[in-house]
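Peer 1: Sharing a structure with you now.
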Amino acid sequence: MFAPVSTLSSTPSPPDPVASDPSAPDARAATTGESASTAAKALAAAGDLESARDVSALDDAALHAAQRLGRKQRSLVERLIYGWLPSTEELRSGAVAHQSATHRGQAAVEQAIACLQRGEAFTADGKLSAALRAAVAAEKAYGFTVPAEFGGLGGRYQELALTEEELAANGLGALAVELSGELTIGAGSLLAYGTDAQKRTFLPLIAEGQLMAFGLTEVGIGVNAKKVRAYVEPDAASGGFRLFADGDRNKLWITNATHGALVGIVARIGKDGRQVGLFVTRLPERDLSPADGVDFEFRCTPSGVDAFQPNFNSRIHCKNLPIDKGGQIQADGVEVLFYCLRMGRCMLAAMAAGYQRMFAVDAAQYARTREGVGGLVVRHELPRLALGRMLGGALQSRALSHLSLQQDQQGVDLAGLRDLTKSAAATSALESLVACERVIGGRAFDRTSRVSAARANMHVFGVVEGEDDLILMGMVKDVTGPFTDRYLAGLLGVIQSINTDADGKPVAAEQRLLRITPRTLFAEPRRVWQATARLFGQPSFWRLCLWIAGNGLLELVRLPGLLLPSAWIPRYQLLPVPLRRLLRKAERRLRWLRWAWLGINLWFQLELTRAQIPLQRLGKVIEHLVSVVVLCHHGSHQDQSQQRVAALQCELLLQKVKALPLLLGLRQMERLRALVAAVGRDVERGESSLLAGITPQPLAHPFETAPQRERRG
Ligand SMILES: Cc1cc2nc3c(=O)[nH]c(=O)nc-3n(C[C@H](O)[C@H](O)[C@H](O)COP(=O)(O)OP(=O)(O)OC[C@H]3O[C@@H](n4cnc5c(N)ncnc54)[C@H](O)[C@@H]3O)c2cc1C
């Protein structure tokens, strides 16, 4: 369960941001990754070289993962905004696949529930029991997606999603978490990047139920995955490697990692090497040090998190730990992570669906039997709304996860959909937890309640597999990227070009213009005229004018169509009546987002490399609208009770969209950004008086800060 940040900036790049920069060597280093990430170039052009370097490195890894996936069709989300409307068959394909998927994990789910009912699923200290693991391993749950030739079940991810959801819905979310880690990134990384020998060695072990973890996060690094500091050195004696993950290079919060488990460890090749590798190894059966007669140190201790309590979650210390040569995966470790994350995100959504059904079932039982003020709780509107939220969140998470899985199987680029699927599922799961607490009241906090046991997991779902807001910003960049590069890059290149003096050297940072506003016209008339003249010489500017004219015309032509009732339009006739209006509205709003993105770019210009609030807001709007589209299609394939849930959830989502104005909210966002900047500055400088006089609690897992490291040399 990981959270690397992919691409944070969505601003297009100027044509050559480093051409005349005296800091060019640095800037070039920051932006000359193979992918020459446009976001990274824009950051460099805006003078933020540190972010440019980080983003460029991560973008490279993401790009290589995408190339390996080799997608045949453009992302669905991009087409919903910029293309012709995708066919209803495509939009329904997830629901169809969900309905026709065989529940191959049913036997494992039944065994697990039987174990739970016998009181054997958890140990006295609340951990998953050996009996439970053995029971589901016998049904090949740990090898669910491992091909039969390696001893697995040979199941599909769609089928695994059904199993994950059922386990979570029945109070066995912890087992679902364990299986998801084992299969999406454990077996998944070996299947995609392992050699035949590696597959033959490790996959049968996974299939029989041996745990596999993936260790990327360190005490010193989190979301900035490319900065891992654990490293390997060649071991001349064995021909293999020695792993150094000591001090704040310790691997932290590693799910499924325990003594004797398999683990894929992400580590730099050579202490100061640029390459980040991935090494599959088996952890020693116990903590060891030179006092035990070995020439290395190894410790695996619980990481002490409240989430994933029943699972293994560890901090791993290694110094000079031998790694077999055969364990090296021939790929960049972060690329492997990006490749596997898409499945991890879909499985998280399936689990979120299950958790929300569990909340709903417990809340419904309580509300149907408990007398509140003026009758049973279930008779009142607000508890009903809360129940609707839980059911709606469950259906939304399920619909998104199955459409994503189907799209992946059909070779459609998952950019956008995989991200919003995860974010929507994690957000709705947390909202459902709160809704459940409102209905059940005090008992939801009982130490024995499964709602209570799930609480920390619902919070952590928003952090692992990509922190929600960061991945939403990455999604905006991905789905708007082609438009941005084609129509806006030249425009912003012009702004960057006026930030250089007559000798081609960049102007001082305080004179740098990140955006041209009417005020700049008076303050810097010469540079504004210069920019205007250059703009007219840019082919992409004229392309943009044509795009505006063409698309504006198209909107005009479409305008009378708005008067047609949905019942007359074949696309919506297929849907149950209550869902038609909602789907039509969401599709229309999604198309309008092309104008919102243009407006945001024209307003913020290069400043958009720093303006996270508008990017996150746009990302959230896309998430809600795509969810409505997917829910309508999914709901239309279900019974009437689910159609009613879908209609309610869509209405709630559209109300959220209304509260997130984009073009009409530009000034409001400016005000908000200014206020945020002011408060943030105070906090950064330690000048916030509300914080004065209170000693912060020392952090768990303390790490060396960058200045401390520099001082140490
Ligand atoms: C229960 C649990 C299980 C986990 N399992 C695994 C595992 O199996 N394997 C593994 O490798 N890792 C695992 N992780 C690690 C998890 O992926 C990390 O928590 C995650 O990478 C975030 O790292 P961090 O907590 O150190 O946050 P940091 O990297 O310190 O970031 C702190 C905050 O700053 C934000 N932030 C950082 N940069 C920016 C920016 N440019 N703009 C805006 N916001 C920014 C982040 O979003 C975050 O909210 C697990 C964590 C937990 C809690």
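Here the sequence shown stands for residues 0 to 712, numbered as in numbering that gives the first Met the number 0. Note that CB positions come from ideal geometry on N, CA and C, so glycine has one too.
1. CB of phenylalanine 307 to nearest heavy atom of ligand 1: below 7 Å?
2. In or out: threonine 216 buried (at least 16 other Cβ within 10 Å) or exposed?
3. I need the straight-line Cα distance from aspartate 25 to aspartate 47, nearest angstrom please.
4. Within the present structure, is the beta-carbon of alanine 212 separated from the nearest heavy atom of ligand 1 by less than 7 Å?
5. Rounded to the nearest angstrom, what separates glutamine 409 and serine 92 at their Cα positions?
6. Would you mind stating whether glutamate 334 and alanine 64 have Cβ atoms separated by less than 8 Å?
7. Please return the same chain residues whose Cβ sits closer than 7 Å to the Cβ of proline 21, not counting the five positions on each side in sequence.
8. Compute the beta-carbon to beta-carbon distance between leucine 432 and methionine 457, rounded to the nearest angstrom, for a pair I have assumed lies under 8 Å.
9. Which value, in whole angstroms, describes the spacing of the CA atoms of arginine 437 and glutamine 395?
10. Beta-carbon within less than 8 Å of leucine 261's beta-carbon, same chain only, minus the 5 sequence neighbours each way: which residues are those?
11. Run the CB neighbour count on valine 135, radius 10 Å, all protein chains shown included, and call it buried at 16 or more, exposed below.
12. Tell me, which residues are paired with valine 411 by DSSP?
13. Taking 7 Å as the cut-off, is the beta-carbon of glycine 180 closer than that to any non-hydrogen atom of ligand 2?
14. DSSP beta-bridge partners for methionine 346?
15. Would alanine 330 pass as a contact of leucine 384 if the rule is Cβ separation under 8 Å?
16. Using three-state DSSP, classify isoleucine 253 as helix, strand or coil.
17. Measure the Cβ-Cβ separation of leucine 375 and alanine 366 and say whether it is below 8 Å.
18. Which residue from Phe149, Asp234, Tyr192, Leu589 puts its Cα closest to that of leucine 336?
19. Return helix, strand or coil for isoleucine 568, following the three-state DSSP convention.
20. Identify the continuous beta strand (DSSP E) that holds isoleucine 112 and give its terminal residues.
21. Which residue or residues does DSSP assign as beta-bridge partners of isoleucine 328?
22. Does DSSP put asparagine 713 in a helix, in a strand, or in coil?
23. Would the segment 476 to 496 and the segment 534 to 541 be scored as touching if the rule is three or more Cβ pairs under 8 Å?
24. Please tell me whether glutamate 523 and leucine 513 are closer than 8 Å, where the distance is taken between their beta carbons.
25. Considering only the beta carbon of each residue, do glutamate 725 and leucine 614 sit closer than 8 Å?
26. Give the DSSP-derived three-state secondary structure of isoleucine 497 in the structure shown.
27. Select from Glu177, Glu109, Val475 the residue whose C-alpha is nearest the C-alpha of valine 620.
28. Just tell me which of Asp484, Lys270, Glu380 has its CA closest to the CA of alanine 434.
29. Can you tell me which of Gly259, Leu607, Ser302 puts its alpha carbon nearest to the alpha carbon of leucine 287?
30. Quick one: Cα of isoleucine 268 to Cα of valine 231, how far?
31. Is cysteine 317 near threonine 257, with beta carbons less than 8 Å apart?
32. Threshold first: 4 residues or longer. Then list the alpha helix (DSSP H) segments lying entirely within the segment 523 to 583, N to C.
33. What does DSSP give as the partner residues of cysteine 317 in its beta bridges?
34. Hey, how far is the Cα of valine 4 from the Cα of phenylalanine 702?
35. Who pairs with leucine 261 in a beta bridge, going by DSSP?
36. When you measure from the CB of leucine 215 to every non-hydrogen atom of ligand 1, does any distance come out below 7 Å?
Peer 2: A quick look at the data gives this:
1. Start at 1 with the first residue of the sequence shown, and residue 307 comes out as number 308. With a threshold of 7 Å, the Cβ atom of phenylalanine 307 counts as near ligand 1, since some heavy atom of the ligand is closer than that.
2. To locate residue 216, count along the sequence shown from 1; it is residue 217. Its Cβ being crowded by 16 or more others within 10 Å, threonine 216 is buried.
3. Residue 25 sits at position 26 when you count from the first residue of the sequence shown. Residue 47 sits at position 48 when you count from the first residue of the sequence shown. Caution is warranted here: a pLDDT of 40 is assigned to aspartate 25, below 50, making its placement in the model unreliable, and the coordinate value is therefore given only provisionally. Note on geometry: alpha-carbon atoms of aspartate 25 and aspartate 47 lie some 11 Å from one another.
4. Taking the first residue of the sequence shown as position 1, residue 212 is located at position 213. Under cutoff, so the answer is yes.
5. Residue numbering aside, residue 409 sits at position 410 when the sequence shown is read from its first letter. Residue numbering aside, residue 92 sits at position 93 when the sequence shown is read from its first letter. In this structure, the straight-line span from the alpha carbon of glutamine 409 to that of serine 92 is close to 10 Å.
6. Taking the sequence shown and counting its residues from 1, the one referred to as residue 334 is at position 335. Taking the sequence shown and counting its residues from 1, the one referred to as residue 64 is at position 65. Yes, Cβ-Cβ distance for glutamate 334 and alanine 64 is below 8 Å.
7. Locating residue 21 in the sequence shown gives position 22, where the first residue counts as 1. For proline 21, the pLDDT reaches just 29, beneath the cut-off of 50, and the residue's location in the model is therefore unreliable, leaving the point undetermined.
8. Here the question's residue 432 lines up with position 433 in the sequence shown. Here the question's residue 457 lines up with position 458 in the sequence shown. Their Cβ separation, rounded to whole angstroms, is 4 Å, which keeps leucine 432 and methionine 457 in contact under 8 Å.
9. If you number the sequence shown from 1, residue 437 lands on position 438. If you number the sequence shown from 1, residue 395 lands on position 396. Taking C-alpha positions only, arginine 437 is separated from glutamine 395 by approximately 21 Å.
10. Taking the first residue of the sequence shown as position 1, residue 261 is located at position 262. Residues Gly185, Phe201, Leu204, Ile205, Gln209, Leu210, Met211, Ala212, Val279, Thr280, Arg281, Leu282 of the same chain have their beta carbon placed closer than 8 Å to that of leucine 261, with the five preceding and five following residues left out of the count.
11. In the sequence shown, counting from the first residue as 1, residue 135 sits at position 136. The residue in question, valine 135, is buried, as its Cβ has 16 or more Cβ neighbours within 10 Å.
12. Here residue 411 corresponds to residue number 412 of the sequence shown, with the count starting at 1. Beta-bridge partners assigned by DSSP to valine 411: Gln72.
13. Of the ligands this structure carries, namely ligand 1, none is ligand 2.
14. Residue numbering aside, residue 346 sits at position 347 when the sequence shown is read from its first letter. Per DSSP, none; premise fails for methionine 346.
15. Here residue 330 refers to the residue found at position 331 when the sequence shown is read from its first residue. Here residue 384 refers to the residue found at position 385 when the sequence shown is read from its first residue. No; because the gap between Cβ atoms is not below 8 Å, this pair is not in contact.
16. In the sequence shown, residue 253 corresponds to position 254, counting from 1. Of the three classes helix, strand and coil, the one that applies to isoleucine 253 here is strand, per DSSP.
17. Walking along the sequence shown from the start, residue 375 turns up at place 376. Walking along the sequence shown from the start, residue 366 turns up at place 367. Contact flag set, yes.
18. Residue numbering aside, residue 336 sits at position 337 when the sequence shown is read from its first letter. Here the closest residue by C-alpha is Tyr192.
19. In the sequence shown, counting from the first residue as 1, residue 568 sits at position 569. In this structure, isoleucine 568 counts as coil in the three-state DSSP scheme.
20. Taking the first residue of the sequence shown as position 1, residue 112 is located at position 113. That residue, isoleucine 112, is in no beta strand (DSSP E); its alpha helix (DSSP H) goes 105 to 116.
21. Numbered from 1 along the sequence shown, position 329 holds the residue referred to as residue 328. BP columns for isoleucine 328 point to Leu277.
22. Any question about residue 713 goes unanswered here, given that the chain covers just 0 to 712.
23. These segments touch.
24. Position 524 of the sequence shown, counted from the first residue, corresponds to residue 523. Position 514 of the sequence shown, counted from the first residue, corresponds to residue 513. The Cβ atoms of glutamate 523 and leucine 513 do not sit closer than 8 Å to each other.
25. What is shown of the chain runs 0 to 712, which leaves residue 725 out entirely.
26. Residue mapping note: residue 497 aligns to position 498 of the sequence shown, counting from 1. DSSP, read as helix, strand or coil, puts isoleucine 497 in coil.
27. Numbered from 1 along the sequence shown, position 621 holds the residue referred to as residue 620. Measuring from the Cα of valine 620, the nearest candidate turns out to be Val475.
28. Start at 1 with the first residue of the sequence shown, and residue 434 comes out as number 435. Considering only alpha carbons, the answer is Glu380.
29. Numbered from its first residue, the sequence shown carries residue 287 at position 288. Closest by alpha carbon: Gly259.
30. On the sequence shown, position 269 is the one that residue 268 refers to. On the sequence shown, position 232 is the one that residue 231 refers to. Approximately 5 Å, taken between the alpha carbons.
31. Counting from 1 along the sequence shown, the entry for residue 317 is found at position 318. Counting from 1 along the sequence shown, the entry for residue 257 is found at position 258. No; because the gap between Cβ atoms is not below 8 Å, this pair is not in contact.
32. Scanning the segment 523 to 583 from its first residue to its last, the whole alpha helix (DSSP H) runs of 4-plus residues come out as 524 to 535, 538 to 557, 569 to 572.
33. Against the sequence shown, residue 317 aligns to sequence position 318. Listed as beta-bridge partners of cysteine 317 by DSSP are Ala244, Phe297.
34. The residue given as residue 4 occupies position 5 in the sequence shown. The residue given as residue 702 occupies position 703 in the sequence shown. Any reading at valine 4 must be qualified, since the residue scores a pLDDT of 44, below 50, and its modelled position is unreliable; the value itself is stated next. Inter-residue distance for valine 4 and phenylalanine 702 is about 20 Å (C-alpha atoms, whole angstroms).
35. Taking the first residue of the sequence shown as position 1, residue 261 is located at position 262. Bridge partners of leucine 261: Met211, Arg281.
36. Taking the first residue of the sequence shown as position 1, residue 215 is located at position 216. Correct: leucine 215 has its Cβ closer than 7 Å to ligand 1.
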